[in-house]
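*Asks:* In this note's numbering, the protein residues as written are 34 to 257. Yeah, the Cβ is synthetic: ideal placement off N, Cα and C, and Gly gets one too.
1. Which of the three DSSP states, helix, strand or coil, is assigned to residue 174?
2. If you draw a straight line from the alpha carbon of residue 242 to that of residue 235, how long is it in whole angstroms?
3. For residue 208, I'd like the list of residues in its chain whose CB is within less than 8 Å of its CB, leaving aside the five on either flank, ordered along the chain.
4. If you draw a straight line from the C-alpha of residue 166 to the C-alpha of residue 71, how long is it?
5. Across which residues does DSSP place residue 83 in a beta bridge pair?
6. Go to residue 23, then tell me how far its beta strand (DSSP E) extends in each direction, as first and last residue.
7. Taking residue 222 as part of the alpha helix (DSSP H), name the residues at either end of that continuous run.
8. The beta strand (DSSP E) that contains residue 119, what's its start and end?
9. With distances taken between CB atoms, is the gap from residue 129 to residue 40 smaller than 7 Å?
10. Between residue 230 and the rest of its own chain, which residues show a CB-CB distance below 6 Å, the 5 nearest in sequence each way excluded?
11. Got a sec? Which residues, its chain only, sit under 7 Å from residue 210 by beta carbon, not counting five neighbours each side?
12. Let me confirm a value: residue 110 is counted as buried when at least 16 other C-beta atoms fall within 10 Å, else exposed. Which label applies?
13. So does the region 190 to 204 actually touch the region 120 to 129, counting three or more Cβ pairs closer than 8 Å?
14. Can you tell me the Cα-Cα spacing of residue 151 and residue 47, whole angstroms?
15. Apart from the five residues on each side of it in sequence, which residues of its chain come closer than 7 Å, Cβ to Cβ, to residue 172?
16. In whole angstroms, what separates the C-alpha of residue 116 from that of residue 81?
17. Which term fits residue 161, buried or exposed, when burial requires 16 or more other beta carbons within 10 angstroms of its beta carbon?
18. Shortest alpha-carbon distance to residue 54 belongs to which of 170, 158, 181 and 78?
19. For the putative contact between residue 225 and residue 155, defined by C-beta atoms under 8 Å, what is the C-beta separation to the nearest angstrom?
20. Measuring CA to CA, which of 113, 185 and 85 is closest to residue 103?
21. Report the residue from 206, 83 and 221 whose alpha carbon sits nearest the alpha carbon of residue 195.
22. Give a yes or no on whether the C-beta atoms belonging to residue 58 and residue 76 are separated by under 7 Å.
23. In the DSSP assignment, find the alpha helix (DSSP H) that holds residue 233 and state where it starts and stops.
24. Assign residue 106 to buried or exposed, taking buried as 16 or more other Cβ atoms, counted over all protein chains shown, within 10 Å of its Cβ.
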């Protein structure tokens, strides 16, 4: 795992790792081909609301990309008669990202790599949260559905030990995700707030009209 640290500058490395823990994916076109080494490319894609976030990632990874972000139609909502769009870009395929693919995928499925926690900095955590996190009034959630409960428990243990943030696993439909209670969320926000870009701050503070949340929301606003 330590070898990965030397492949990219720290600012790019943190965005790559945070994205892979979140919504990013590696596309390995050389899989099944009798060549070595394996190559892969990183695909970044987020919804229309996160357009600014896509361009922020593009600016950081620009040296690895041949073409800028593009807008695509994802699906059509017949009920609302509305098209839903997203923005995406992908890097060039490279041997370096091929090494990341070997760490983050098993039989084509994304996993939580062994020793990954050694590489999780506050900036990695912030990117991960900007990808998969949300503020729900009584706390924060991280959509870790792609990881089994056994790996989510490792994440919770890491958050407690490294960032002094206690969390728990909660059910979400047929899977599970990580929930950070309100009384733990302030410490978590302090850890990541300097890396949260302006267009994504709604994920760490989303004031509600419900009076039961107003006092809590104001205290979180002070952290921004």
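*Replies:* Here's the rundown:
1. strand
2. In this prediction, residue 242 scores a pLDDT of 32, lower than 50, which makes its location untrustworthy; no coordinate-derived value is stated.
3. 178
4. For residue 166 and residue 71, the distance between alpha carbons rounds to 31 Å.
5. Residue 83 pairs with nothing; no bridge assigned.
6. One cannot answer for residue 23 here, as it falls past the ends of the chain, which runs 34 to 257.
7. Taken as a continuous stretch (DSSP letters only), the alpha helix (DSSP H) holding residue 222 covers 215 to 225.
8. Its beta strand (DSSP E) spans residues 115 to 123.
9. Contact flag set, yes.
10. 89
11. 174, 175, 176, 177, 178 and 203
12. exposed
13. no
14. 12 Å
15. Counting only Cβ-Cβ distances below 7 Å, and skipping sequence neighbours, we find 212, 213, 214, 215 and 218.
16. 11 Å
17. buried
18. 158
19. A Cβ-Cβ separation of about 6 Å places residue 225 in contact with residue 155 under the 8 Å criterion.
20. 85
21. Cα-wise, what sits closest to residue 195 is 221.
22. yes
23. Taken as a continuous stretch (DSSP letters only), residue 233 belongs to no alpha helix (DSSP H), as it is neither H nor E.
24. exposed
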